[in-house]
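Here the protein sequences come in this chain order: P and Z. Sequence positions in the first sequence follow the working numbering and run 217 to 380. Sequence positions in the second sequence follow the working numbering and run 217 to 380. Input: a single structure, listed below in structure tokens.
There are 2 protein chains.
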Amino acid sequence: MSKNESKTAIQEVITPAELLKHWQGHRSLTRRVIEAFPEKEFFNHSIGGMRTFAEMTLELLAIAGPGLKEIVTKETQALNEHIDHKDQKNLVLKLWDQATEEIDTYFNQITPDSFQDTIKTFGQYEGTVISSILYFIDNEIHHRGQGYVYLRDLGIEPPFFWER
Amino acid sequence: MSKNESKTAIQEVITPAELLKHWQGHRSLTRRVIEAFPEKEFFNHSIGGMRTFAEMTLELLAIAGPGLKEIVTKETQALNEHIDHKDQKNLVLKLWDQATEEIDTYFNQITPDSFQDTIKTFGQYEGTVISSILYFIDNEIHHRGQGYVYLRDLGIEPPFFWER
């Protein structure tokens, strides 16, 4: 049995392609949560002194594309959460869609045997490639869940969680 | 190269043991979020007509252990979110710890080559073993993120998201 043959013979817990689809499914849902906010409340509404959903979204944008780019290129990226959004949701959604393409491009450059490599994202967070990507996804789910509360607080029904 | 040798030669995206550790790490954080709530507010506080964090926690308890048990035993489990908690956080935490043990026990009975098997959890939700387990984890992160907003709304600082 050659090495390539043995590779297809093994059922993986999850394949890289499945992980990418899983991530982009979550990002598609987050996009619809952004869309569900009225423009003003997207940039202004908050509860208990927390950040607005716009600020959380900028954090997600600062992490996903640049973090993945760093994983692939091995060049340290800055964590830049400050974007001149001009209080316009359309500009944020445009950046979201650019990140979607960026993620597709870079993710497909991760070699299947490098998910267990040790890395340091943004020059400071140590982990493996897989633990870092899972952190990116989990952090998005976490903040999006908070966005759901903001929407409910505003009397707006959020998209179904299970729709991706 | 024997089949067993080829198995160790391949770097998996994530191993079953890593996935279990990842899940239990999240559950450990959720446990600390439950602990952070004052007993009364755990059972009473909500925002925008949403469920209390106690009700969300009962959903998580109804899914994790029973869902995993179903995956391993292939016996359909009922989705039972009604538990006689007597408005006592200690009883819920006890159930949480029992679920932690149950998850360890059943997870280790999943054969490595069965994560891609098609299943139907709780007799109705179709997916693979891995997509179902990821859904259980994602759903917990989602609701826990909502619990963070409840805590902030109550003036309580939640545990750090990155501590597991």
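Note that beta-carbon positions come from the ideal geometry of N, C-alpha and C, so glycine has one too.
Specify the secondary structure class of residue i as computed by DSSP and reduced to three states.
{"i": "Z:Gly-265", "result": "coil"}
{"i": "Z:Thr-292", "result": "coil"}
{"i": "Z:Glu-251", "result": "helix"}
{"i": "P:Glu-342", "result": "strand"}
{"i": "Z:Thr-231", "result": "coil"}
{"i": "P:Lys-310", "result": "helix"}
{"i": "Z:Ile-299", "result": "coil"}
{"i": "P:Glu-379", "result": "coil"}
{"i": "P:Ile-372", "result": "coil"}
{"i": "P:Gln-240", "result": "helix"}
{"i": "P:Gln-304", "result": "coil"}
{"i": "P:Gln-325", "result": "coil"}
{"i": "Z:Phe-331", "result": "coil"}
{"i": "Z:Ser-218", "result": "In this prediction, Z:Ser-218 has a pLDDT of 45, which is less than 50 and means its spatial position is unreliable; nothing more can be read from the coordinates."}
{"i": "Z:Lys-223", "result": "Annotation note: pLDDT 47 at Z:Lys-223 (below 50); position unreliable, no value reported."}
Of all the CB atoms in chain P, is at least one closer than 8 Å to the CB of residue i?
{"i": "Z:Asp-369", "result": "yes"}
{"i": "Z:Pro-232", "result": "yes"}
{"i": "Z:Tyr-364", "result": "yes"}
{"i": "Z:Glu-373", "result": "no"}
{"i": "Z:Ile-250", "result": "no"}
{"i": "Z:Gln-332", "result": "yes"}
{"i": "Z:His-301", "result": "no"}
{"i": "Z:Lys-320", "result": "First, the amino acid is wrong: residue 320 of chain Z is Asp here, not Lys. With 8 Å as the cut-off, Z:Asp-320 does not count as an interface residue toward chain P."}
{"i": "Z:Ile-287", "result": "no"}
{"i": "Z:Gly-283", "result": "no"}
{"i": "Z:His-238", "result": "yes"}
{"i": "Z:Ile-263", "result": "yes"}
{"i": "Z:Asp-354", "result": "yes"}
{"i": "Z:Glu-377", "result": "A small correction: the amino acid at residue 377 of chain Z is Phe; Glu does not occupy that position in the sequence shown. Cβ-Cβ to chain P under 8 Å: yes for Z:Phe-377."}
{"i": "Z:Thr-224", "result": "Note on Z:Thr-224: pLDDT 49, under 50, position unreliable in the model; the coordinate value appears next. No, Z:Thr-224 lies away from the interface with chain P (no Cβ there is under 8 Å from its Cβ)."}
{"i": "Z:Leu-350", "result": "yes"}
Residue i to residue j, Cα distance in whole Å?
{"i": "Z:Ile-372", "j": "Z:Ile-263", "result": "15 Å"}
{"i": "Z:Asn-314", "j": "Z:Ala-233", "result": "Before going on, a small fix: residue 314 of chain Z reads as Gln here, not Asn. Between Z:Gln-314 and Z:Ala-233, the C-alpha separation is close to 20 Å."}
{"i": "Z:Lys-290", "j": "Z:Asp-320", "result": "17 Å"}
{"i": "P:Gln-362", "j": "Z:Glu-228", "result": "33 Å"}
{"i": "Z:Thr-273", "j": "Z:Glu-356", "result": "9 Å"}
{"i": "P:Ser-244", "j": "Z:Pro-282", "result": "29 Å"}
{"i": "P:Phe-377", "j": "Z:Ile-353", "result": "13 Å"}
{"i": "P:Gly-265", "j": "P:His-238", "result": "32 Å"}
{"i": "Z:Thr-327", "j": "Z:Ile-230", "result": "14 Å"}
{"i": "P:Leu-307", "j": "Z:Leu-370", "result": "33 Å"}
{"i": "Z:Val-365", "j": "P:Tyr-351", "result": "20 Å"}
{"i": "Z:Ile-299", "j": "Z:Ile-349", "result": "23 Å"}
{"i": "Z:Glu-318", "j": "P:Thr-316", "result": "38 Å"}
{"i": "Z:Lys-310", "j": "Z:Asp-329", "result": "33 Å"}
{"i": "Z:Ala-294", "j": "P:His-301", "result": "47 Å"}
{"i": "Z:Leu-236", "j": "Z:Ala-280", "result": "12 Å"}
Can you list, in chain order, the residues of its chain with a C-beta nearer than 7 Å to that of residue i? Leave out the 5 residues immediately preceding and following it.
{"i": "Z:Asn-260", "result": "Thr-268"}
{"i": "P:Gly-241", "result": "Arg-380"}
{"i": "Z:Gln-325", "result": "Val-288"}
Indicate, with yes or no, if the ligand FAD has a heavy atom lying under 7 Å from the CB of residue i.
{"i": "P:Val-229", "result": "This structure simply doesn't include the ligand FAD, nor any ligand for that matter."}
Which same chain residues end up closer than 6 Å to residue i when comparing Cβ atoms and leaving out the 5 residues on each side of it in sequence?
{"i": "Z:Trp-312", "result": "Arg-247"}
{"i": "Z:Thr-292", "result": "Gly-339"}
{"i": "Z:Ala-270", "result": "Phe-258, Phe-259"}
{"i": "P:Gly-322", "result": "A quick correction: the sequence has Tyr, not Gly, at residue 322 of chain P. These residues qualify, in order along the chain: Leu-284, Lys-285, Val-288."}
{"i": "Z:Phe-331", "result": "Val-345, Ile-346"}
Please return the same chain residues whose Cβ sits closer than 8 Å to the Cβ of residue i, not counting the five positions on each side in sequence.
{"i": "P:Glu-342", "result": "Thr-334, Ile-335, Lys-336"}
{"i": "Z:Leu-367", "result": "Val-249, Ala-252, Phe-253, Glu-373, Pro-374"}
{"i": "P:Asn-296", "result": "Ala-278, Pro-282"}
{"i": "P:Leu-276", "result": "Thr-246, Asn-355, Glu-356, His-359"}
{"i": "P:Gln-304", "result": "Glu-255"}
Contact criterion: CB-CB distance below 8 Å. Does residue i meet it with respect to chain Z?
{"i": "P:Tyr-228", "result": "Contrary to the premise, residue 228 of chain P reads as Glu rather than Tyr in this sequence. Chain Z, which has a Cβ nearer than 8 Å to the Cβ of P:Glu-228, makes this yes."}
{"i": "P:Met-272", "result": "no"}
{"i": "P:Gln-325", "result": "no"}
{"i": "P:His-359", "result": "yes"}
{"i": "P:Gly-343", "result": "no"}
{"i": "P:Gly-339", "result": "no"}
{"i": "P:Leu-277", "result": "no"}
{"i": "P:Asn-220", "result": "For P:Asn-220, the predicted structure reports a pLDDT of 47, less than 50, and the residue's modelled location is therefore unreliable. A value from the coordinates is still provided. Cβ-Cβ to chain Z under 8 Å: no for P:Asn-220."}
What are the boundary residues of the beta strand (DSSP E) that residue i is part of?
{"i": "Z:Ile-335", "result": "334 to 337"}
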